Every structure is written in C-alpha cells, then in structure tokens.
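Protein chains in written order, with the numbering used here: chain P, 1 to 360; chain F, 361 to 723. What follows is one structure encoded as structure tokens, with my remarks underneath.
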Amino acid sequence: MDIDTRRNPVSLAALVILTAVVLIGGFLLLQTDAMQNIKIFLTLFAVVWGLGSAALLFFTLNAVAESMPRKIRSVAVAIVFAGPAVFLLIWALVLPTFRTLRFSLMDAHGTNFIGLANYKFAFTDPIMLEAFRNNLLWMVFGTAFCVIMGLVIAVLADKSRREKLFKSLIFMPMAISFVGAGVIWKFMYAYKGEGFNVTEIGLLNAIVTALGGEAQAWLLIPFWNNFFLIVIMIWLQTGYAMVILSSAIKAIPGEINEAARVDGANSFTIFFKITVPYIMPTIVTVTTTILIFSLKLFDIVRVMTGGNFGTNVIANEFYLRQFTYGNSGQASAIAVVLLVVIIPVLMYNLREFRGRRTLK
Amino acid sequence: MKKVKDKKHSPIVTIVLIIIVVAWTVPTLGVFITSWRDSRDIYSSGWWTVLPHKDTVKTEEFEMPRDLDMDQPIEIEGVTAEFQEWREGIEVEEGRTLRWYGNKRSRKVEVYEEKWIGFGANLTLQNYKDVLSAGTITYEDAQGNTITRQGNNFADAVLNSIAVSIPATIIPILIAAFAAYAFSWMEFPGRKPLFIMVVALLVVPLQIALIPILRDYTNWGLNGTYLGMWLAHTGFGLPLAVYLLYNYISNLPRDIFESAYLDGATPFVTFVRLVLPLSIPALASFAIFQFLWVWNDYLVALVFLGDKNRVVTAALAAMVGEKGQDWHVLTAGAFMSMIIPLAVFFGLQRFFVRGMMAGSVKG
C-alpha cells in the first residue's frame with residue numbers, strides 16, 4: 001500500500017517560505033524597541049511565536065520529507081522526527097564537551113595552547129582545595145542527612161493517618177528556587193549586630209537569645225558556616241528522598257511485615273532487617289542523585305555568601321573563573337573535573353540500560 | 361490498586377511528625393508573614409510577634425502635678441523612689457511598670473503593662489507594590505528615616521520568567537515526543553547508538569556546556585534573548601525528556617499503529633492524532649518537572665541573559681546582593697518568585713511525583 005503524500009511543488013515552496021518568514025520575522029520583531037516597551041504584549045508575542053514556530057517547523061519539514069522520492073521517504077520522515085532532538089543534543093551537550101576539553105588546555109582567552117597548567121591550578125590552588133573540601137562536606141553531610149531524614153520521615157508518615165498532608169509540607173520546598181530558599185534562610189539567620197537594646201529579627205538568633213545565648217552572624221563563622229548552608233540543601237532535598245523512598249516502602253509486600261511481626265519482631269527490627277535491605281536499590285539511586293546534585297551545587301552558595309568566608313564550592317569557582325576573572329581556560333578545566341567525577345555514574349547508567357532492555 | 365491498611369494511630373509518631381513538619385514550614389511562613397508587614401515593624405520586631413503573644417506595651421500616660429519637687433524622692437502609686445530610678449522604670453505591681461518620660465521638666469509618666477496581644481499586626485500591600493515597581497520607592501526604616509530607592513521592577517521579571525519558561529517547557533516536549541516516537545517505532549540509520557547517547561547525556565553536568573554555548577551566542581547575537589534561553593533549556597532538558605517519553609511511547613500497544621497505517625495515516629498524522637493524546641500523562645509529568653526546573657533556574661539565566669530580560673531568580677539574587685537588609689522588598693520578592701511554582705506544584709503534585717520517579721537518574 002502506498003499513499004501519495006507528495007504535495008504540489010508550488011504549495012510546498014510557499015510553505016517553506018512562509019515558515020522562514022515567521023521564524024526570522026518573529027525574531028527580528030522581538031528585538032525592536034517598540035516591542036520592548038510594552039512588556040505584556042512582548043511576553044505574549046514571544047510565547048505564541050516560540051510555540052508556533054516549533055510546531056510550524058515540524059509541519060513544514062515533514063511536508064518536505066513526505067515529498068521525497070518513495071525510496072528514501074521513510075528514512076527522511078524518521079530524520080525529521082528524530083533529527084531536531086539529535087541535532088540539539090549534539091549542539092548543546094556533545095560538542096560542548098569536546099570544546100570545553102579543548103578550552104581547558106588553552107589560556108585565559110582560548111587562543112594559545114598551554115598544556116595542563118589549568119589542571120595544575122584546578123588540583124593544587126588553595127582556592128580550589130578549599131572548594132573541594134567544602135564540596136566534600138556537602139556531599140557527605142548534605143547527602144547523608146537528606147537520605148536519612150527522608151527515610152525516617154517516609155517510615156513515620158507511613159504509620160500516620162495524615163500521611164498525605166505531612167508529606168506535602170515536607171515536599172513543598174522542592175517547588176521553591178534555590179535563590180528563593182536563599183532569601184528564606186538568610187532571613188532565618190539574620191543578625192542585627194551589637195548595640196543597645198537590639199531586637200533580633202532572625203528566628204535563629206531570637207531563639208538563641210531567648211535561651212540566654214548570644215546572637216551570632218551565623219554565615220561568618222569559619223568552617224561551621226558551611227553547615228548552615230548545607231542545612232538549606234537538606235531543607236530543599238529531603239522531600240525528594242522522602243517521596244521516592246516512600247513509594248519504595250509501599251511496594252514492600254505486606255505479608256513480609258506480617259510474618260516478621262508474627263515472629264515477634266518489633267518496629268526497629270523490621271526497619272533495619274526488612275525495610276532497609278528491601279529498598280536498598282532505591283536508597284542507592286536516591287543517594288547517587290543527591291550526590292551529583294551536591295557536587296554541582298551553585299545557587300545556594302552564590303546567593304548566601306558568594307563563596308566568601310570559606311564557603312566556596314567548585315561550581316561557584318567555575319562561575320567566578322569564567323565571569324569574574326574572565327579565564328575560560330581555568331573555568332573549562334573545572335567543568336571537566338566535574339564531568340570526570342560523574343563519569344562512573346554515567347557508565348553505570350549505560351550498563352543498566354543495556355542490561356535492562358535492548359532497543360526494540 | 362489500593363492496599364487496605366490498618367493504620368494504628370500512634371501519638372508519638374504523630375508528635376514527632378508534627379515537630380518535623382513545623383520546623384520545615386516555619387522558614388517559609390516567616391518570609392510570607394514578613395512580606396505583608398509594614399517596613400518599620402519588620403526592623404523593630406520579629407515576624408512571630410504578629411502571632412498572639414504576651415508582651416510589655418505602653419497602655420497610658422499621665423502627667424505629674426506642676427508643683428512637685430523633683431529633687432526629693434517622688435511617690436507614685438504608693439511607691440517612693442528617686443527621679444533617676446523612675447526614669448529607668450519601676451514595677452509598681454505585678455505586670456505594671458511606670459517609667460518617667462524624658463527629663464525632669466516633662467512631668468510625664470508612662471504606664472507599661474504586660475498584655476496579650478493578638479494579631480495586632482499592621483498589614484500592608486506596600487511591599488508588593490514597591491518590589492513590582494520600576495520607579496523610585498520610598499520607605500521608612502526602623503529609626504524612622506525615609507529612604508529612597510530604585511524599585512526592583514519585579515513586574516517585568518515575572519513577565520520575563522513567563523516568556524522564558526512556557527516555551528522552554530513546551531518546545532522540548534514537542535521535540536522529544538517526535539524523537540521518542542521515532543526511536544520507538546521507526547527505522548533509521550544510527551538509531552541505537554543515538555539512543556545510547558541520550559542515556560549517556562542524562563547525567564552530564566551542564567557546566568560543561570556553558571562556555572562553548574556562550575561563545576556561539578556571542579557570535580550569533582543570541583545573548584540576552586528569549587530564543588537563546590529556549591534553545592539552551594531545550595538542549596539541557598532533552599536527554600531526560602526523550603528518555604522519559606521513550607519509556608512511555610515504546611510501551612504503547614503495537615496494534616494501534618498498525619491499524620492507523622492500514623487506514624492510510626502518515627506517521628505525522630498518527631503522531632498528532634494518536635501518540636500525543638495517548639501520551640498526555642507522560643507529557644504532563646515531564647512538563648511540570650521542566651517548568652519548575654526552568655522557572656527556578658538561576659545559573660543558565662545568569663550566564664545567557666545577564667542583566668537584560670532578567671528573570672525572577674536573577675532579579676531576586678541581584679536584590680540580595682544590592683539590598684541584603686531590605687527585608688520588606690526581599691521577602692515580597694521571594695514570595696512573588698515562589699507563587700507560580702507553588703501553585704503548579706500543589707495543583708499538579710501527582711504528575712510531578714510521577715515524573716520525578718521516572719527521572720531519578722538525571723543529574
């Protein structure tokens with residue numbers, strides 16, 4: 001069976017031209033000053049144009065592909081379907097990886113080859129060593145607390161009547177940006193300073209002074225300020241761990257718990273001997289995801305301290321090297337370090353994928 | 361399938377949970393309440409004072425007779441003390457303190473009493489007006505000084521965030537759905553290695569891509585444009601989108617594609633009429649995931665938008681840097697930045713959780 005999907009060449013050409021006009025014309029129109037002045041109209045136009053262009057592009061490319069000679073038509077259509085995704089992935093992620101690798105061997109402006117000097121900086125500079133130490137703190141304490149808190153809350157909520165409500169509230173910070181969370185916690189840590197009759201407006205200092213302690217500028221205390229920042233990540237990510245672990249816990253067959261209970265096991269024994277071993281694969285996945293997350297952590301540190309007072313992390317130093325010091329060589333070397341640390345996870349994902357299913 | 365479970369009510373579990381939940385919610389509540397308070401109040405008292413609590417407040421004042429000899433001990437309400445002591449305040453009875461106001465000539469005595477204050481807050485919309493405004497704003501600080509500042513133009517930032525987030529959510533979905541369909545049901549050269557590439561890219565940190573893309577954008581004039589943001593977010597969101605949608609679309613029953621083919625439908629028509637409507641749960645899951653990610657993103661916006669077309673996260677971060685102590689606008693701004701994602705989150709939590717579970721391999 002063969003359907004003639006070819007269009008008449010004139011209408012096809014008209015369609016292609018129309019698409020080009022919409023794409024290019026819309027972009028140019030968006031840049032004009034007249035548009036910039038009426039912001040609501042600009043926003044509306046941008047959204048409609050962006051979505052319309054994407055749809056129109058697929059429609060036109062498909063029409064072109066369907067007009068190809070029959071022999072190559074099905075491959076042409078497949079290329080129209082998969083091509084844009086593949087093209088964007090290569091442009092946005094694959095090629096940049098190689099280009100960043102190349103930049104990492106070049107000087108600040110990416111013009112001269114300087115060998116491994118940027119890597120020497122990345123692994124020996126005191127600034128970087130401090131960032132590595134802090135990232136290690138984030139990865140160890142941040143991840144451990146997220147997973148443990150998430151697990152404890154998931155288990156407790158499972159036994160509660162108001163499970164949904166409790167879980168929603170713990171989960172809520174997931175919807176808040178790191179910048180927004182930064183403001184929330186900066187306010188928690190607010191410090192008014194010394195002086196006569198100062199009322200602390202930050203909750204933490206108010207609690208400390210009410211208990212007879214002395215108000216502190218929490219974010220300026222060397223070394224420990226890292227932990228005050230890590231608290232923010234725990235606040236944000238525990239909900240994630242909780243939701244995933246909770247659904248794993250619910251998948252444990254009820255009979256196992258029943259049998260254990262009949263044998264006289266108490267809640268703690270059930271938790272350590274049944275629940276935890278049973279959901280171990282999920283715990284590993286959650287831990288890995290949060291580990292990667294804390295390795296790339298940027299926003300919280302950027303907003304709270306800018307990496308000052310001994311709180312710098314790798315991703316913030318990447319940003320500083322590129323945008324404050326204008327050294328794309330050093331910044332690229334840092335990005336490559338981030339990638340290399342993640343490669344084992346990448347390999348694991350690939351092996352899992354190959355083992356689990358082959359492409360049909 | 362719902363398991364019928366006998367949930368034994370354990371008070372200890374409930375109490376522990378309530379403590380955790382309160383600890384988790386209070387930071388957000390503090391910012392929310394503060395954003396509605398008068399700027400002077402914010403600096404002179406903690407936000408929790410809007411809740412009913414016991415506090416010492418001035419309830420009345422009275423004048424002493426003019427012929428009073430100030431150099432002798434003074435008797436008021438049965439207590440006799442020196443002027444200096446009165447000036448520091450004396451508790452004449454439980455919960456009632458008298459204090460001489462000002463110098464000797466003022467002859468004014470203020471009465472302070474410990475009282476329950478309930479919801480005595482003086483709430484205002486002014487902070488929101490100030491943070492949205494692009495013009496100059498004036499407010500009073502704790503000492504009563506009038507301060508004039510440039511507004512933060514959050515209204516524009518919200519519109520920018522909308523203009524960035526909606527297309528940066530839907531475009532990757534469209535592109536990924538087409539690709540997922542092709543990977544699931546079409547034959548083309550390089551299908552398998554290309555899909556393995558998608559899986560490998562799931563965890564690649566986006567820092568690796570920022571500098572080269574920034575160079576491209578500088579050459580193409582795309583810095584500071586919505587289009588640049590859409591392309592970047594589409595590129596970074598695609599691995600997860602293709603992976604999630606492939607898992608869904610490849611599991612659709614084969615029969616429907618065969619019958620569509622026999623009816624003479626082209627792949628394009630099959631895709632638009634059958635695949636898209638059938639995949640709505642998966643599309644919605646990813647859409648919420650991507651929308652929250654784009655709306656809350658700070659790094660990509662910082663790199664590719666700079667100061668032009670600032671989105672809410674960038675505007676808020678800039679405010680923290682410039683006006684770190686202006687809590688009345690900071691809290692209002694923080695809340696403005698949260699309101700849309702929170703609405704999406706609570707409205708569509710089910711879909712979000714589903715997308716998150718499927719995508720927990722993403723870095």
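Note that the Cβ used here is the ideal one computed from N, Cα and C, for glycine as well. Source: prediction; values computed, not measured.
- By the rule that beta-carbons nearer than 9 Å mark a contact, Arg-459/F does not touch chain P.
- DSSP places Trp-91/P within a helical segment (H, G or I) once states are collapsed to three.
- For Ile-342/P, the closest C-alpha among the options Trp-687/F, Leu-566/F, Ile-699/F, Asn-463/F is that of Leu-566/F.
- For chain F, the residues of the stretch 175-188 of chain P that bring a beta carbon within less than 9 Å of one of its beta carbons are Ala-175, Ile-176, Ser-177, Phe-178, Val-179, Gly-180, Ala-181, Gly-182, Val-183, Ile-184, Trp-185, Lys-186, Phe-187, Met-188, in chain order.
- Taking all protein chains shown into account, Pro-371/F has fewer than 16 neighbouring C-beta atoms within 10 Å of its C-beta and is therefore exposed.
- The alpha-carbon of Phe-187/P is positioned some 57 Å away from that of Val-64/P.
- DSSP, reduced to helix, strand and coil, places Ala-441/F within a strand of the structure shown.
- Between Ala-215/P and Asn-205/P, the C-beta gap is smaller than 9 Å, which places the two residues in contact.
- A distance below 7 Å between beta-carbons, with the five flanking residues on each side excluded, links Thr-288/P to the following residues of its chain, in chain order: Val-345.
- For the beta strand (DSSP E) assignment, the uninterrupted runs of no fewer than 3 residues enclosed by the stretch 447-472 of chain F are, from N- to C-terminal side, 450-453, 456-461.
- At a cut-off of 9 Å between beta-carbon atoms, Glu-214/P makes no contact with chain F.
- Counting the other CB atoms within 10 Å of its CB gives Met-128/P a total of 16 or more, which places it among the buried residues.
- Counting of Cβ neighbours within 10 angstroms places Pro-387/F among the buried residues, the total reaching 16 or more.
- Gln-330/P counts as buried, since no fewer than 16 other beta carbons sit within 10 angstroms of its beta carbon.
- Using a 10 angstroms sphere on the CB of Ala-539/F, the tally of other CB atoms reaches 16 or more, which defines it as buried.
- Collapsing the DSSP output to three states places Val-563/F in coil.
- Restricting attention to Thr-305/P, Val-47/P, Phe-58/P, Phe-166/P, the CA atom closest to the CA of Ala-678/F is found in Thr-305/P.
- Boundaries of the beta strand (DSSP E) around Ile-507/F: 506-510.
- Close to chain P, meaning a Cβ-Cβ distance shorter than 9 Å, are the following residues of the stretch 557-571 of chain F: Met-557, Val-558, Val-559, Ala-560, Leu-561, Leu-562, Val-563, Val-564, Pro-565, Leu-566, Gln-567, Ile-568, Ala-569, Leu-570, Ile-571.
- In the three-state DSSP reduction, Tyr-325/P falls in the coil class, being neither helix nor strand.
- According to DSSP, residue pairing for Thr-498/F in a beta bridge involves Thr-508/F.
- Residues Asp-490, Val-491, Leu-492, Ser-493, Ala-494, Gly-495, Thr-496, Ile-497 of the same chain have their beta carbon placed closer than 8 Å to that of Gly-511/F, with the five preceding and five following residues left out of the count.
- Pairing Ile-170/P with Trp-653/F gives a Cβ-Cβ distance that is not under 9 Å.
- By the Cβ test, the stretch 137-157 of chain P is in contact with the stretch 226-246 of chain P, since at least three Cβ pairs between them sit closer than 8 Å.
- At a cut-off of 9 Å between beta carbons, Ala-592/F contacts chain P.
- Given a length threshold of 4 residues, each whole run of the alpha helix (DSSP H) inside the stretch 617-689 of chain F is given here in chain order: 627-630, 640-656, 659-664, 672-682.
- The three-state secondary structure of Ile-252/P, taken from DSSP, is coil.
- Counted as a single uninterrupted DSSP element, the alpha helix (DSSP H) harbouring Ile-609/F occupies residues 586-609.
- Contact between the stretch 577-591 of chain F and the stretch 106-116 of chain P is absent: fewer than 3 CB-CB pairs across the two stretches fall below 8 Å.
- The distance from the Cβ of His-688/F to that of Asn-487/F is about 4 Å, consistent with a contact at the 8 Å cut-off.
- Counting along the chain, Glu-435/F sits inside the beta strand (DSSP E) bounded by residues 434-436.
- Setting aside the 5 residues that flank it on each side, Val-313/P is surrounded in the same chain by Ala-131, Asn-134, Asn-135, Trp-138, Leu-297, Phe-298, Val-301, Gly-307, each with a C-beta closer than 8 Å to its C-beta; the list follows chain order.
- Leu-377/F has its alpha-carbon roughly 7 Å from the corresponding atom of Ile-153/P.
- A Cβ-Cβ distance of about 46 Å is found for the pair Val-303/P and Val-471/F, leaving them out of contact under the 8 Å criterion.
- Rounded to the nearest whole angstrom, the C-alpha separation of Asp-667/F and Gly-584/F is 8 Å.
- Distance check between Trp-235/P and each of Ala-157/P, Thr-43/P, Phe-141/P, Glu-66/P places Phe-141/P closest, using alpha-carbon atoms only.
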